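Asks:
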Amino acid sequence: PTPSPGPPRPQPPVRSHPPGARSREGGAQPASRTLPSSQLCPPGTCGRRGVPQANGTAPRGRIMGGSVAPRGAWPWLVSVRLHGELMCGGVLVGRSWVLTAAHCFGGYGAGTAVGTTPTSLCMPQGPTPTSPRRHRHISFQFNPKTFHGDLALLELAVPLAPSPTVSPVCLPSGSEEPSPGTPCYIAGWGSLYEEGPAADVVMEAQVPLLSQETCRGALGKELLTSAMFCAGYLSGGIDSCQGDSGGPLACEDPTSHHFVLYGITSWGDGCGERGKPGVYTRVTAFTDWDRCHSISCATMGWPSMVKG
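Heads up: the sequence shown at position 183 corresponds to 183 in full-length UniProt numbering, and the numbers run straight through without jumps.
(1) To which residues of the same chain is residue 61 closer than 6 Å at the C-beta, ignoring the five residues directly before and after it?
(2) If we ignore side chains and look at the alpha-carbon of each, how far apart do residue 271 and residue 253 end up?
(3) Give a yes or no on whether the C-beta atoms belonging to residue 73 and residue 49 are separated by under 7 Å.
(4) Just grab the DSSP bridge partners of residue 215 for me.
(5) Put residue 283 into one of helix, strand or coil per three-state DSSP.
(6) Taking residue 212 as the reference, which of 222, 229, 201, 220 has the closest Cα?
(7) Pick from 204, 264, 163: whose alpha carbon is nearest that of residue 171?
(8) Can you tell me whether residue 85 is buried or exposed? The criterion is at least 16 other CB atoms within 10 Å of its CB, across all chains shown.
(9) Put residue 259 into one of helix, strand or coil per three-state DSSP.
(10) Alpha carbon to alpha carbon, how far is residue 221 from residue 184?
(11) Provide the residue span of the beta strand (DSSP E) that contains residue 252, from first to last.
(12) So, do the region 155-173 and the region 80-100 have three or more beta carbon pairs nearer to each other than 8 Å?
(13) Let me know the secondary structure DSSP gives residue 105 once reduced to three states.
(14) Between the alpha carbons of residue 219 and residue 276, how many angstroms are there, rounded?
(15) Ends of the beta strand (DSSP E) at residue 85?
(16) For the beta strand (DSSP E) holding residue 184, just list the boundary residues, first then last.
(17) How should residue 266 be labelled, buried or exposed, when 16 other C-beta atoms within 10 angstroms of its C-beta is the threshold for buried?
(18) Do residue 231 and residue 202 count as a contact pair if the criterion is CB distance below 7 Å?
(19) Quick one: is residue 100 buried, meaning 16 or more other Cβ sit within 10 Å of its Cβ, or exposed?
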């Protein structure tokens with residue numbers, strides 16, 4: 001796994017970046033402050049799962065400590081691969097757009113044509129692997145030391161066709177988030193234990209959201225920015241791990257029963273360790289809500305990516 005770039009210890013790519021990859025600071029264009037909502041809130045349904053119920057786990061056992069996800073359970077889950085091997089997770093948010101973690105592309109500057117590198121994207125039950133056309137960091141400039149703004153957007157070379165096993169997750173409809181204690185879900189192919197091998201099937205786990213106070217108390221207030229939040233069990237055992245970076249933390253809306261993306265797996269101090277919950281990039285910190293609701297969102301072929 002890629003060495004940690006600073007005090008936060010990322011859930012890093014399983015494969016390291018190719019030799020000679022450029023530093024993120026070198027030649028990168030200034031990053032946008034917000035997600036391009038005109039492209040991420042297209043017309044269509046979102047957040048609907050291919051199975052009726054999540055197969056979540058209680059806080060027990062040893063994603064890490066999760067269970068095998070049923071087929072089609074997370075139709076927005078994407079595998080970002082380098083040289084054909086798992087690098088990170090990702091989340092489908094439109095027919096042509098995937099959100100992932102910026103630190104997965106540590107050697108490439110924002111706007112890099114990653115389609116010219118040996119990078120591909122796969123869906124668990126999706127079509128033939130496709131190549132992203134480019135990626136760009138979304139937020140204030142991604143800080144590899146603090147992991148603030150650990151978000152990147154991949155544009156696919158070919159838009160994906162919707163199906164029961166390939167569809168986008170919903171984006172939040174505003175800045176409000178579920179309250180601490182709300183059970184949400186993480187999924188991916190990451191290691192089943194720290195420094196262990198990647199899973200060969202999609203794993204899922206249920207984790208509760210934690211308050212900022214609890215998170216800062218567990219990890220240190222100097223490590224947690226307002227654009228991050230924690231989820232997991234302080235007792236340990238269930239957590240995201242290496243290779244899960246960039247994957248989704250999604251919560252079921254109690255009214256619509258659609259799943260809404262609130263977090264992108266970012267970093268953690270180990271995997272499933274007692275008192276050290278996982279840290280996620282806060283999606284609501286990077287979405288241009290005013291713009292999204294004041295313009296026509298009709299470019300990607302699915303109804304609104306915003307719940308409600």
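Each residue gets a CB set at the ideal place from its N, CA and C atoms; glycine is no exception. Owing to the predicted nature of the structure, the values given are computational and were not obtained by experimental measurement.
Replies: Reading from the atomic positions:
(1) Within the sequence shown, numbered from 1, the residue matching residue 61 stands at position 61. Below a pLDDT of 50, predicted positions are generally treated as unreliable, and residue 61, at 28, falls in that range; no measurement from the model is reported.
(2) Counted from its first residue, the sequence shown places residue 271 at position 271. Counted from its first residue, the sequence shown places residue 253 at position 253. Those two C-alpha atoms are separated by around 28 Å.
(3) Start at 1 with the first residue of the sequence shown, and residue 73 comes out as number 73. Start at 1 with the first residue of the sequence shown, and residue 49 comes out as number 49. With respect to residue 49, residue 73 sits close: the two C-beta atoms are nearer than 7 Å.
(4) As a working mapping, residue 215 is identified with position 215 in the sequence shown. The bridge partners DSSP lists for residue 215 come to none.
(5) Locating residue 283 in the sequence shown gives position 283, where the first residue counts as 1. Helix at residue 283.
(6) Position 212 of the sequence shown, counted from the first residue, corresponds to residue 212. Checked all of 222, 229, 201, 220; the closest Cα to residue 212 is 229.
(7) Stepping through the sequence shown from its first residue, residue 171 is reached at position 171. Among 204, 264, 163, the Cα nearest to that of residue 171 is on 264.
(8) If you number the sequence shown from 1, residue 85 lands on position 85. In summary, residue 85 is exposed, with fewer than 16 beta-carbon neighbours lying within 10 Å of its beta-carbon over all protein chains present.
(9) In the sequence shown, the residue the question calls residue 259 occupies position 259. Residue 259 carries a strand assignment under DSSP once its states are collapsed to helix, strand and coil.
(10) Mapped onto the sequence shown, residue 221 falls at position 221. Mapped onto the sequence shown, residue 184 falls at position 184. Per the coordinates, the alpha-carbon of residue 221 lies some 23 Å from the alpha-carbon of residue 184.
(11) On the sequence shown, position 252 is the one that residue 252 refers to. Counting along the chain, residue 252 sits inside the beta strand (DSSP E) bounded by residues 248-252.
(12) Between the region 155-173 and the region 80-100, the count of C-beta pairs closer than 8 Å reaches three or more; the two stretches touch.
(13) Here residue 105 corresponds to residue number 105 of the sequence shown, with the count starting at 1. Residue 105 carries a helical assignment under DSSP once its states are collapsed to helix, strand and coil.
(14) In the sequence shown, counting from the first residue as 1, residue 219 sits at position 219. In the sequence shown, counting from the first residue as 1, residue 276 sits at position 276. Each residue's Cα considered, the two are about 7 Å apart.
(15) Your numbering for residue 85 matches position 85 in the sequence shown. Annotation: the continuous beta strand (DSSP E) that includes residue 85 extends over 85-94.
(16) Translated into positions along the sequence shown, residue 184 becomes position 184. Element bounds for residue 184: 183-188.
(17) Looking up residue 266 in the sequence shown gives position 266. Burial call: buried.
(18) Position 202 of the sequence shown holds residue 202. Position 231 of the sequence shown holds residue 231. No.
(19) Position 100 of the sequence shown, counted from the first residue, corresponds to residue 100. Residue 100 is classed as buried because its beta carbon has at least 16 other beta carbons within 10 Å across all chains shown.
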